[in-house]
Amino acid sequence: MLRRHLLKATAATALVLGAGLPAAAQDMPAPFDNPGDVTIALVRYLSTGDFFQSYLSGVEQQAEALGVDLRVLDSRQDAALQADMVDQAIALGVDGIIIQHGLTESMQAAAQRAVDAGIKVVAFDVDVENDAIPQVEQSDYLLAKLALDQAIEDHGTEFTAGYVYVPGIAPLDRRDAAWQEVKEANPGITEAAQFGTLDNPIANSVANQARSVLQANPNITVMFAPYDEFAKGVKIAVDEAGLSQDIDIYSADVSTADIAAMREPDSAWVATVATNPSVVGEVSVRTLAMMLAGEDPGDSVIVPPTLITQDFLNENDVSNMEELGAKMPQFQHADVSTPDWIPLPQR
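Numbering (mature numbering (1 follows the signal peptide of the UniProt record, and there is no 0)), first residue to last: -25 to -1, 1 to 322.
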């Protein structure tokens, strides 16, 4: 009963954006010739951390540029509640749904119910195993592979590593595939410990685990933490142990807070590979808009990632995401799901 009351309260307070009519709406395909009548929902599993706030910002900005109503439903890592929220979005009569992260086993049936209801669905970083639902992703394999290539460039093909991983999360599983491939191709790379958690607050929970790992494995010289909240946690433990000059951290994803952490004096966080999460949010909305207009965005919509090193940040005096975009133009915009009729957010 409590959950049902919470669902009603969440729906009542869902974020509604951009009911205004774009200037060129009359030139847009249906239903965007009357965009104020179009409602889309973002159903979130993960929301903790700078990456997810930036992703949400991109979704909001692209929805506003299109002039559609946006409802945001946040399950805060409750898999059952996320499935219920998809049903809530169906009941609200939305035209399209973006499913952001989640577990395959809990989201597969819920996503199918939305499709059966005639609702267009896009999935970001969750595999709902449905051919009718395009997958938006950051090429998670490349995110991990580019980070690991940098680790090999820095340390050679023989080193002892700690690895932060939580199975069952689609983007982490895709990143894990790169880690397994690199280890197999380089037998001199030893995985001394695997650990990880998504318990909130994620960084602090990972730090608690990393403290024990570092004490038990003093020979670790590389930490592969392919999610920036993981990297933050590892860095806390490395700093506390006084090992910032003995261990290098390689990660995925980036934010202004991450940039500050990477640029701290003697920071162990030496490289990350990322797409701009705000851009990924924009791409998610554009992909859904194409489907609503009867266009085919393809089964897989991939936003290409970029390697960002500590040296690059220091040499270019980059202190925030805006400056990173200015110094790396490929980070500021992705030419993905960009038909001429879709207006882009103002830069």
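All C-beta atoms, glycine included, are put in the ideal place defined by N, C-alpha and C.
Here's a check: name, in chain order, each residue in its chain whose Cβ is nearer than 7 Å to the Cβ of residue i, leaving out the five neighbours to either side.
| i | result |
| --- | --- |
| residue 143 | 78 |
| residue 22 | 49, 51 |
| residue 117 | 280 |
If you draw a straight line from the C-alpha of residue i to the C-alpha of residue j, how long is it?
| i | j | result |
| --- | --- | --- |
| residue 322 | residue 155 | 39 Å |
| residue 278 | residue 314 | 16 Å |
| residue 31 | residue 81 | 22 Å |
| residue 342 | residue 138 | This structure does not reach residue 342, given that the chain is present from -25 up to 322, and the question cannot be answered. |
Starting from residue i, trace the alpha helix (DSSP H) in both directions and tell me its first and last residue.
| i | result |
| --- | --- |
| residue 137 | Residue 137 -> not in any alpha helix (DSSP H); beta strand (DSSP E) instead, spanning 134 to 139. |
| residue 262 | 252 to 267 |
Go to residue i, then tell me how far its beta strand (DSSP E) extends in each direction, as first and last residue.
| i | result |
| --- | --- |
| residue 19 | 14 to 19 |
| residue 282 | 281 to 284 |
| residue 170 | 164 to 170 |
| residue 244 | 244 to 249 |
| residue 112 | 110 to 112 |
Going by other Cβ atoms of all chains shown within 10 Å of its Cβ, with 16 needed for buried, is residue i buried or exposed?
| i | result |
| --- | --- |
| residue 256 | buried |
| residue 290 | exposed |
| residue 67 | exposed |
| residue 294 | exposed |
| residue 51 | exposed |
| residue 71 | buried |
| residue 203 | buried |
| residue -3 | Confidence in residue -3 is poor, its pLDDT being 44 and thus under 50, which makes the residue's placement too unreliable to answer from. |
| residue 162 | exposed |
| residue 249 | buried |
Cutting at 6 Å between CB atoms, please list the residues of its own chain near residue i, excluding the five before and the five after it.
| i | result |
| --- | --- |
| residue 331 | Outside the shown range of the chain, which is -25 to 322, sits residue 331, and nothing can be said about it. |
| residue 126 | 197, 225 |
| residue 120 | 153 |
| residue 275 | 110 |
| residue -11 | Note that residue -11 has pLDDT 42, beneath the 50 cutoff, so the model's placement of it is unreliable and no number is given. |
Suppose the cutoff is 8 Å on Cβ atoms and the five residues either side in sequence are ignored; what does the same chain contact list for residue i look like?
| i | result |
| --- | --- |
| residue 269 | 4 |
| residue 285 | 237, 238, 242, 244, 245, 246 |
| residue 194 | 135, 167 |
| residue 300 | 251, 306, 307 |
field: Start-end ranges of the beta strand (DSSP E) lying completely within the stretch 23 to 105, minimum 3 residues
entry: 44 to 49, 71 to 75, 95 to 99
- request: Please go through the stretch 190 to 226 and give each complete beta strand (DSSP E) segment of 3 or more residues, from N-terminal end onward.
  value: 197 to 200
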